[in-house]
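*Asks:* Everything in the sequence shown is counted per UniProt numbering, starting at 1 for the first residue and increasing by one. Note that beta-carbon positions come from the ideal geometry of N, C-alpha and C, so glycine has one too. Note that the coordinates shown come from a computational prediction; the quantities given were computed from them, not determined experimentally.
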Amino acid sequence: MSNRRPLTDKEIALQGKKDEEKIFADGQGRPMVNMGSKGSFGNPVIWMMVIASVVILLPILIYHISPGGDLGGGENTAGAGGDSGTEEVAESDEEAVSGEFDAIAFARDNCASCHGQDLTGSMGPSILGLDVDTFETAVREGPGAMPEYSTDQISDEDLAFMAEYYSGQ
1 MSNRRPLTDK EIALQGKKDE EKIFADGQGR PMVNMGSKGS FGNPVIWMMV
51 IASVVILLPI LIYHISPGGD LGGGENTAGA GGDSGTEEVA ESDEEAVSGE
101 FDAIAFARDN CASCHGQDLT GSMGPSILGL DVDTFETAVR EGPGAMPEYS
151 TDQISDEDLA FMAEYYSGQ
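What follows is the structure in structure tokens.
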């Protein structure tokens with residue numbers, strides 16, 4: 001009769017395995033079978049951390065890369081040269097106001113979207129330096145895709161003032 005004890009399932013599983021394929025669990029002196037080469041990528045917690053990082057960091061990255069914010073234009077540097085630049089802007093603003101009509105405000109609200117913020121042209125042509133008759137005809141009749149402006153929107157006196165102001169620019 002033999003004194004050999006029967007082999008356990010673990011011992012049967014380890015039979016024929018090379019030493020490199022056996023690992024020892026910490027604190028235990030017995031060999032364990034390495035469950036493949038997946039490593040920690042089989043752990044769902046790792047994948048959840050990666051996905052959470054992407055979900056959190058991607059919007060932050062997009063926010064910092066995109067122009068975002070106020071799309072109204074850059075910093076106003078007209079007065080950057082000192083007080084004289086600010087006085088010139090204030091004087092030109094006063095010249096553009098006739099009574100209650102403000103030519104600059106009207107142009108900013110109605111013309112700048114097509115003719116550019118400085119009215120030198122963008123999608124539409126420059127309106128600076130046009131003669132008064134051409135300016136008034138363009139505003140009243142609206143050539144091409146330009147809308148027509150009636151006397152309810154801008155009076156004849158205000159239009160004449162605006163045409164004179166911008167023809168001198």
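#1: Smallest Cα separation from isoleucine 154: which of Ser167, Ser122 and Asp109?
#2: Assign isoleucine 12 to one of two classes, buried (16 or more other C-beta atoms within 10 Å of its C-beta) or exposed (fewer than that).
#3: Could you give the first and the last residue of the continuous alpha helix (DSSP H) run that contains residue 184?
#4: Going by the CB atoms, is the gap between cysteine 114 and serine 126 shorter than 8 Å?
#5: Could you say which of Ala138, His64 and Leu58 lies nearest to alanine 160 if we only look at CA atoms?
#6: Which residue comes first and which comes last in the alpha helix (DSSP H) that contains methionine 123?
#7: With DSSP as the reference, label alanine 160 as helix, strand or coil.
#8: Can you give the Cα-Cα distance for proline 143 and aspartate 152, rounded to whole angstroms?
#9: If distances are taken between C-alpha atoms only, which option among Ile56, Val132 and His64 comes closest to glycine 168?
#10: Report the rounded CA-to-CA distance for threonine 8 versus valine 55, giving the unit in angstroms.
#11: Once the 5 residues before and after aspartate 158 are set aside, which same chain residues still bring their CB inside 6 Å of it?
#12: Which of helix, strand or coil does DSSP assign to glutamate 136?
*Replies:* With the structure as the only source:
#1: Here residue 154 corresponds to residue number 154 of the sequence shown, with the count starting at 1. Minimum Cα distance to isoleucine 154 is reached at Asp109.
#2: Residue numbering aside, residue 12 sits at position 12 when the sequence shown is read from its first letter. Isoleucine 12 comes out exposed.
#3: Because the chain is modelled from 1 through 169, residue 184 falls outside the range shown and cannot be assessed.
#4: If you number the sequence shown from 1, residue 126 lands on position 126. If you number the sequence shown from 1, residue 114 lands on position 114. Not closer than 8 Å, so no.
#5: By one-based count along the sequence shown, residue 160 stands at place 160. Cα-wise, what sits closest to alanine 160 is Ala138.
#6: Residue mapping note: residue 123 aligns to position 123 of the sequence shown, counting from 1. Per DSSP, methionine 123 belongs to no alpha helix (DSSP H) and is neither H nor E.
#7: Taking the first residue of the sequence shown as position 1, residue 160 is located at position 160. Here alanine 160 sits in helix by DSSP.
#8: On the sequence shown, residue 143 is found 143 positions in, with the first residue counted as 1. On the sequence shown, residue 152 is found 152 positions in, with the first residue counted as 1. Taking the straight line from one Cα to the other gives about 19 Å.
#9: In the sequence shown, residue 168 corresponds to position 168, counting from 1. For glycine 168, the nearest C-alpha among the options comes from Val132.
#10: For the purposes of this step, residue 8 is taken as the residue at position 8 of the sequence shown. For the purposes of this step, residue 55 is taken as the residue at position 55 of the sequence shown. Near 48 Å, if we compare the C-alpha coordinates of valine 55 and threonine 8.
#11: Counting from 1 along the sequence shown, the entry for residue 158 is found at position 158. Cβ neighbours of aspartate 158 beyond the five flanking positions: Phe101.
#12: Here residue 136 refers to the residue found at position 136 when the sequence shown is read from its first residue. In this structure, glutamate 136 counts as helix in the three-state DSSP scheme.
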